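**Student:**
2 protein chains.
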Amino acid sequence: MDKENRVSITVIRRLPKYYRYLGELLKKGINRISSQELSKMTGFTASQIRQDLNNFGGFGQQGYGYNVEELHHQLGKILGLDKTYNTVIVGAGNLGQAVANYKGFEDAGFKILSLFDKNPKLIGLKIRDIEIRDVDELEEFIKENDVEIGIITTPKENAQDIADIYVRSGIKGIWNFAPADLKVDDDIIIENVHLNESLFTLSYFLNNKSDYVRN
Amino acid sequence: MDKENRVSITVIRRLPKYYRYLGELLKKGINRISSQELSKMTGFTASQIRQDLNNFGGFGQQGYGYNVEELHHQLGKILGLDKTYNTVIVGAGNLGQAVANYKGFEDAGFKILSLFDKNPKLIGLKIRDIEIRDVDELEEFIKENDVEIGIITTPKENAQDIADIYVRSGIKGIWNFAPADLKVDDDIIIENVHLNESLFTLSYFLNNKSDYVRN
DNA sequence: TTTAAATGTATATAATTTTTTCAAATACTA
DNA sequence: TAGTATTTGAAAAAATTATATACATTTAAA
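From first to last, the protein sequence lines stand for chains P and H.
Here the first sequence stands for residues 17 to 231, numbered as in the numbering used here.
Here the second sequence stands for residues 17 to 231, numbered as in the numbering used here.
#1: Do you know how far the Cα of Leu87/H is from the Cα of Tyr37/P?
#2: How long is the line joining the alpha carbons of Phe72/P and Arg22/P, rounded to whole angstroms?
#3: Assuming Asn110/H and Asn110/P form a contact by the criterion Cβ under 8 Å, report the distance between their Cβ atoms to the nearest whole angstrom.
#4: Give the secondary structure of Leu31/P by DSSP, where H, G and I count as helix, E and B as strand, and everything else as coil.
#5: For Tyr118/H, does the three-state DSSP call read helix, strand or coil?
#6: Ile28/H touches chain P at which residues, Cβ-Cβ below 9 Å?
#7: Determine the closest residue to Asp201/P out of Lys142/P, Thr169/P, Phe221/P, Ala179/P, with distance taken between C-alpha atoms.
#8: Which of the three DSSP states, helix, strand or coil, is assigned to Phe221/H?
#9: Can you give me the start and stop residues for the beta strand (DSSP E) that Asn232/P sits inside?
#10: In the DSSP output, which residue or residues are listed as bridge partners for Gly76/P?
#11: When you compare the CB of Ala114/H with every CB in chain P, is at least one pair closer than 7 Å?
#12: Using a Cβ cut-off of 7 Å (strictly closer), state whether Val232/P contacts chain H.
#13: What's the gap between the Cα of Ser63/H and the Cα of Ser51/H?
#14: What residues in the stretch 106-135 of chain H have a beta carbon less than 9 Å from any beta carbon of chain P?
#15: Given this structure, state the Cα-to-Cα distance separating Val27/P from Asp68/P, to the nearest angstrom.
#16: Give every residue of the same chain whose Cβ lies closer than 7 Å to the Cβ of Gly182/H, excluding the five residues on either side of it in the sequence, and list them in chain order.
#17: Less than 7 Å separating the beta-carbons of Thr169/H and Ile105/H?
#18: Along chain P, which residues have their Cβ under 7 Å away from the Cβ of Leu95/H?
#19: According to the neighbour-count rule (16 or more other Cβ atoms, all chains shown, within 10 Å of its Cβ), is Ile94/P buried or exposed?
#20: Between the stretch 138-172 of chain H and chain P, which residues of the former have a C-beta closer than 8 Å to a C-beta of the latter?
#21: Would you say Gly189/P lies against chain H (beta-carbon separation less than 7 Å)?
#22: So what's Ser130/P in DSSP terms, helix, strand or just coil?
#23: Would you mind sorting Asp4/H into buried or exposed? The rule is 16 or more other CB atoms within 10 Å of its CB.
#24: Count the other CB atoms, across all protein chains shown, that sit within 10 Å of the CB of Tyr35/H; report buried if there are 16 or more and exposed otherwise.
#25: Which residues bound the alpha helix (DSSP H) around Glu155/H?
#26: Which residue comes first and which comes last in the beta strand (DSSP E) that contains Glu207/P?
#27: When the cut-off is 7 Å and only beta carbons count, does Asp98/P lie next to chain H?
#28: Please report the straight-line C-alpha distance between Asp203/H and Asp150/H, rounded to a whole angstrom.
#29: Identify, in the order they occur along the chain, each residue of the same chain with its Cβ nearer than 8 Å to the Cβ of Phe221/H, setting aside the five sequence neighbours on each side.
#30: Any idea if Gly76/H is buried or exposed, counting beta-carbon neighbours within 10 angstroms, 16 or more meaning buried?
#31: Tell me, please, whether the CB atom of Glu12/P is closer than 7 Å to any CB atom in chain H?
#32: In three-state DSSP terms, what is Gly107/P?
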C-alpha cells in the first residue's frame, strides 16, 4: 500500500471507538446493526462510518446492515488485536502501576512482562505478580523476552533516555505518557498520551464555552 | 464569536504543545524565538505556527520574532492557565492516585481538593494531604467548595453515574478517563482520555508500519 | 546606513475530510 | 409473491484544513 492508498490517521483513530461499541452490542446479544444505528451510538454520521469501514472492505450487506460479531472480529483484526504483544513499563510510580493494574490491556492481548524503575525501594516489589526490576536490566530483558512495545511512565526528564534504550534494544513501538516529544528512528511507532495537553484543552473550552456550544 | 469566527479545534489542540515548548525555552533562558525555529522544534510548519497564533492576535514583531516570555504568557491566558480551578477526582485507585500525585497539574492551576471512592478501605486515607472521602459526600462537597472540574477515574460501569452527579452538582467540565462516552448536557465540557483507544491505535500502526513510515 | 531576517496578512493552492447522492441488494409486509 | 422500505458501497461534490507564496513593514545587526 503506497501513500495514495493508505488509510488516513483520522479514520484509524475512530476504529477503536467502533470496536468498543460493537463489543458492547455483542455483550448485549445484538447481532445486527446499521450504520444509522451506529451513528446514533457513536455520534459520527452514518455515511462517515460506512466510508471508514469501506477503507478496509465491504463488511456490510445492502438492505441488512452489519453483522455485529463479524464486524467486531474484523475490526479487531485490523487493529491487530488478534495477536498478543509483550510489553514492559519503565516508571513504576502511580501511573506505571495504574497501567500495570488495568486488566483490560491484558485482555486485549497486551501482556506486561515487567515493570522497571531506578528507585531501590520499588525494585523487587510486585504489582499483580508483575515484578519491578532495576532499570539497569532493561536492555537485556527486552532482548531476551521479545518485547515489542515499551511503555514510558517516567518523569519527562528521563523519557528520552528510556526511549533510546528501547530503540537500541529493538522495541517496535513506544507508548509514551511523559510530556515530551521523543526523538526516535522513523520506523519506531510512537503513541503519546499527553495528559497535560488534554487538561489544557479542557481548560480552553471551559473558558470559551460559548463559542463552541450549540453553534 | 460566532461559528464563522471561532478557532478550529485542530488549532486549539496544538496550543498546549506550543505552550510546552515555550515553557522549555523560558527555562533555558532563551527570550527570543522565530516561527522558523519553533517549526524545527515542534514539527509544524512556520507558516502554520504564524497562522495559528494570529488567530488570537499578533504576538510577534517583524524582524524580531516572538518574545518567549510574552508568548508563553499569552498562550497561558488563551488556555485559561492564568486562573486556578478547583477539581475533585472520583475513583481513588491507581489512576486516580496517579493524577492526584502529579504535581504538574497543581502548578498549572488545577487544585485537587479531594478524592472520592466507595471502597471503605480507601476512605479516610490521604494522598499528598488530599483526603479520600466517601462518594456519598460528593454532591455536597462540590456545591460547598466551588468545584468546577470533575475528574473520573472509576471503572466504566460507574462513569455515567458519576457524570450525572457532577452535572447535578453544577460542575462545568469533566476530565474522563473511563472508556465510555458520557452523556451530559450540551453546556458541560467533556475531555476524554481513552487509554484503550490510544493503545489500539499504536497496535494498528505496529501492524501497518510499512504504509506509514517514510512515505 | 545598508542589508538580512522576520512577522502579519492576504491570497492562492493543495490536501484532506466530510457530506451528498444514488444504484443495487436485501429484508420485510401484506 | 409482489411491492415497499431499508441499507450498503461507491463515486462525486462540498467543506474544511493545511501549506505555500508574496510582500509591505519592522527590527536587528553588520
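Every residue, glycine too, gets a C-beta built ideally from N, C-alpha and C.
These numbers were taken from a predicted model, which means no experiment stands behind them.
**Tutor:** For this structure:
#1: Here residue 37/P refers to the residue found at position 21 when the first sequence is read from its first residue. Here residue 87/H refers to the residue found at position 71 when the second sequence is read from its first residue. The straight-line gap from Cα to Cα measures roughly 42 Å.
#2: As a first step, residue 72/P must be located in the first sequence, where it is residue number 56. As a first step, residue 22/P must be located in the first sequence, where it is residue number 6. For Phe72/P and Arg22/P, the distance between alpha carbons rounds to 10 Å.
#3: Translated into positions along the second sequence, residue 110/H becomes position 94. Translated into positions along the first sequence, residue 110/P becomes position 94. Confirmed, about 6 Å.
#4: Here residue 31/P is taken as the residue at index 15 of the first sequence, counted from 1. Residue state, collapsed to three classes: helix.
#5: The count along the second sequence starts at 1 and reaches residue 118/H at position 102. Note: Tyr118/H maps to coil in three-state DSSP.
#6: As a position in the second sequence, residue 28/H is number 12, starting the count at 1. Within chain P, Thr217, Tyr220, Phe221, Asn224 have C-beta atoms less than 9 Å from the C-beta of Ile28/H, given in sequence order.
#7: Taking the first sequence and counting its residues from 1, one reaches residue 201/P at position 185. Looking at Lys142/P, Thr169/P, Phe221/P, Ala179/P, the one whose alpha-carbon comes closest to that of Asp201/P is Ala179/P.
#8: Along the second sequence, read from residue 1 onward, the residue named residue 221/H stands at position 205. In the structure shown, Phe221/H falls within a helical segment according to DSSP collapsed to helix, strand and coil.
#9: As shown, chain P starts at 17 and ends at 231. That puts residue 232/P outside it, with no answer to give.
#10: Position 60 of the first sequence holds residue 76/P. In DSSP, Gly76/P forms a bridge with Tyr82/P.
#11: Locating residue 114/H in the second sequence gives position 98, where the first residue counts as 1. Yes, its Cβ sits closer than 7 Å to a Cβ of chain P.
#12: Given a span of 17 to 231 for chain P in the structure shown, any question on residue 232/P remains unanswerable.
#13: By one-based count along the second sequence, residue 63/H stands at place 47. By one-based count along the second sequence, residue 51/H stands at place 35. About 7 Å.
#14: Answer set for the stretch 106-135 of chain H: Gly109, Asn110, Leu111, Gly112, Gln113, Ala114, Val115, Ala116, Asn117, Tyr118, Gly120, Phe121, Ala124, Gly125, Phe126.
#15: Against the first sequence, residue 27/P aligns to sequence position 11. Against the first sequence, residue 68/P aligns to sequence position 52. Those two C-alpha atoms are separated by around 6 Å.
#16: Sequence index remark: in the second sequence, residue 182/H carries index 166 (1-based). Position check: residue 182/H holds Tyr in this sequence, whereas Gly was assumed. Cβ neighbours of Tyr182/H beyond the five flanking positions: Gly166, Ile190.
#17: Looking up residue 169/H in the second sequence gives position 153. Looking up residue 105/H in the second sequence gives position 89. If you check the CB distance, Thr169/H and Ile105/H come in under 7 Å.
#18: Walking along the second sequence from the start, residue 95/H turns up at place 79. Close to Leu95/H, with beta-carbon spacing below 7 Å, are these residues of chain P in chain order: Phe216, Ser219, Tyr220.
#19: What you label residue 94/P is simply residue 78 of the first sequence in a count that begins at 1. By the 10 Å Cβ count, Ile94/P comes out buried.
#20: Listed in sequence order: Glu164, Ile165.
#21: By 1-based counting over the first sequence, the position of residue 189/P is 173. Yes, contact with chain H.
#22: In the first sequence, residue 130/P corresponds to position 114, counting from 1. In the displayed model, Ser130/P falls within a strand according to three-state DSSP.
#23: Lying outside 17 to 231, the shown extent of chain H, residue 4/H is not represented and no answer is given.
#24: For the purposes of this step, residue 35/H is identified with residue 19 of the second sequence, where counting begins at 1. Its Cβ being crowded by 16 or more others within 10 Å, Tyr35/H is buried.
#25: Numbered from its first residue, the second sequence carries residue 155/H at position 139. DSSP places Glu155/H in the uninterrupted alpha helix (DSSP H) bounded by 154-160.
#26: Taking the first sequence and counting its residues from 1, one reaches residue 207/P at position 191. First-last of the beta strand (DSSP E) with Glu207/P: 205-208.
#27: Taking the first sequence and counting its residues from 1, the one referred to as residue 98/P is at position 82. Chain H, which has no Cβ nearer than 7 Å to the Cβ of Asp98/P, makes this no.
#28: The residue you call residue 203/H lines up with position 187 of the second sequence. The residue you call residue 150/H lines up with position 134 of the second sequence. In this structure, the CA atom of Asp203/H is about 27 Å from the CA atom of Asp150/H.
#29: Within the second sequence, the letter at position 205 stands for residue 221/H. Non-local C-beta neighbours of Phe221/H in its own chain, meaning closer than 8 Å and more than five positions away in sequence, comprise Tyr228, ordered along the chain.
#30: One-based indexing of the second sequence puts residue 76/H at position 60. A residue is called buried when at least 16 other Cβ atoms come within 10 angstroms of its Cβ; Gly76/H meets this threshold and is buried.
#31: Because chain P in this structure spans residues 17 to 231, residue 12/P falls outside the shown range and cannot be described.
#32: For this step, residue 107/P is matched to residue 91 along the first sequence. If DSSP states are grouped into helix, strand and coil, Gly107/P belongs with coil.
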